[in-house]
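First comes the structure, then the notes that go with it.
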Amino acid sequence: MKKYLIFGLTLAFLLIQAVSAVEIERSYQVDGLNVSVEIEIKNDDVEKTFIVVEDCLPDADCTANKNLKYEDMDGFRKYYLRWKFNLSSGEVKTIHYSFIIQRPGEYILPPTKIYTKDGKIEGEATKIVVKCNMNGVCEIPLENSLNCPQDCPTGIKDNICDAIKDNRVDPDCKEGVDPDDTVIYEEKITEKHRESNKIVYSALSVFSLILAGMVIIVLRFKKKQK
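Start counting the sequence shown at 51; every next residue gets the next number (my numbering).
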């Protein structure tokens with residue numbers, strides 16, 4: 051029993067070493083529908099290691115990439131990229147690749163997989179958000195005049211009230227909010243002026259009454275003195 055326990059602890063220790071022997075870091079940048087990915091792999095093992103790297107792709111066009119592979123699963127074709135190389139102890143290798151997303155949206159880039167003589171190591175899944183594809187078409191609701199001004203001009207129905215003077219009444223704005231809604235806007239301005247005038251006239255009337263009262267009191271006081 052003791053032998054099995056020692057063997058189990060030794061195996062667990064070796065597995066922990068294997069998992070920590072290779073470090074993975076992945077980052078990405080989005081430019082329109084173009085996504086650039088960078089994977090950094092570091093060999094922390096004490097000896098040179100042969101490494102196979104696989105990265106799975108979302109709904110993307112990367113047919114020009116020479117590292118592209120695929121496998122068919124239940125009628126669905128799954129694409130992925132594969133690289134093979136040796137890494138010396140302490141060596142770092144950086145992989146760059148790019149692909150084109152078919153349409154704006156949120157995509158999950160599955161974890162990077164690394165295979166070594168000790169087994170498989172996985173990184174973390176990455177959420178990719180593509181908001182603007184700059185194709186001249188405002189693809190609502192993903193694109194709007196705020197996150198994609200290249201495709202979505204102000205004053206269109208895109209679920210955003212821009213309230214900008216652009217000679218277009220934004221259908222997303224309430225009446226009178228968009229300064230281009232001149233009739234309503236001018237009516238509101240006129241109404242504000244009316245309200246302001248009412249306040250001024252009321253104040254003047256009260257002041258006039260007070261002044262008239264004071265004059266009457268002064269005149270009566272002078273008459274009594276005579």
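We treat Cβ as the ideally placed atom computed from N, Cα and C, and that holds for glycine.
Small disclaimer: the values here were computed from a predicted structure and weren't measured.
message: Only counting the same chain, and skipping five residues up and downstream in sequence, which positions put a Cβ closer than 7 Å to that of P160?
response: C106, A175
query: Would DSSP call V87 helix, strand or coil?
result: strand
- prompt: For E189, which option in Y251, S86, P154, S252 has the closest C-alpha, if you only look at C-alpha atoms?
  reply: P154
message: Do F135 and V87 count as a contact pair if the criterion is CB distance below 9 Å?
response: no
- request: List in chain order: all unbroken beta strand (DSSP E) runs of 3+ residues lying wholly within the stretch 113 to 142.
  value: 118 to 123, 126 to 137
- prompt: If we ignore side chains and look at the alpha-carbon of each, how far apart do Y165 and Y78 end up?
  reply: 22 Å
- request: Leaving out five residues on either side along the sequence, give the residues of the same chain with a beta carbon under 7 Å from the beta carbon of C202.
  value: C188, E193, N194, S195, D208
query: Nearest to V85 by CA position, among C211, E141, D228, P108, is which residue?
result: P108
query: In the structure shown, what three-state DSSP assignment does T232 receive?
result: helix
- prompt: Do you know offhand how far G82's Cα is from C182's?
  reply: 5 Å
query: Exposed or buried, A71, counting other C-beta atoms within 10 Å across all chains shown (16 or more means buried)?
result: buried
task: Please state whether DSSP places E174 in a helix, a strand or coil.
output: coil
field: Other residues of its chain near S138: CB distance less than 6 Å, five sequence neighbours each side excluded
entry: K98
Spatially closest choice to N197 from A262, V180, G205, by CA coordinates: V180
- prompt: Along the chain, where does the beta strand (DSSP E) that runs through I79 open and close?
  reply: Before going on, a small fix: residue 79 reads as Gln here, not Ile. That run of the beta strand (DSSP E) goes 72 to 81.
task: Work out the CA separation of R270 and S255 for me, nearest whole Å.
output: 23 Å
query: Under 9 Å between the Cβ atoms of E141 and N93?
result: yes
query: Which residue's Cα is closest to the Cα of E104: D222, R132, D95, K119?
result: R132
- prompt: Grouping DSSP H, G and I as helix and E and B as strand, with all else coil, what is S148?
  reply: strand
task: Give the DSSP bridge partners of T204, in chain order.
output: Note: T204 sits in no beta bridge, so no partner.
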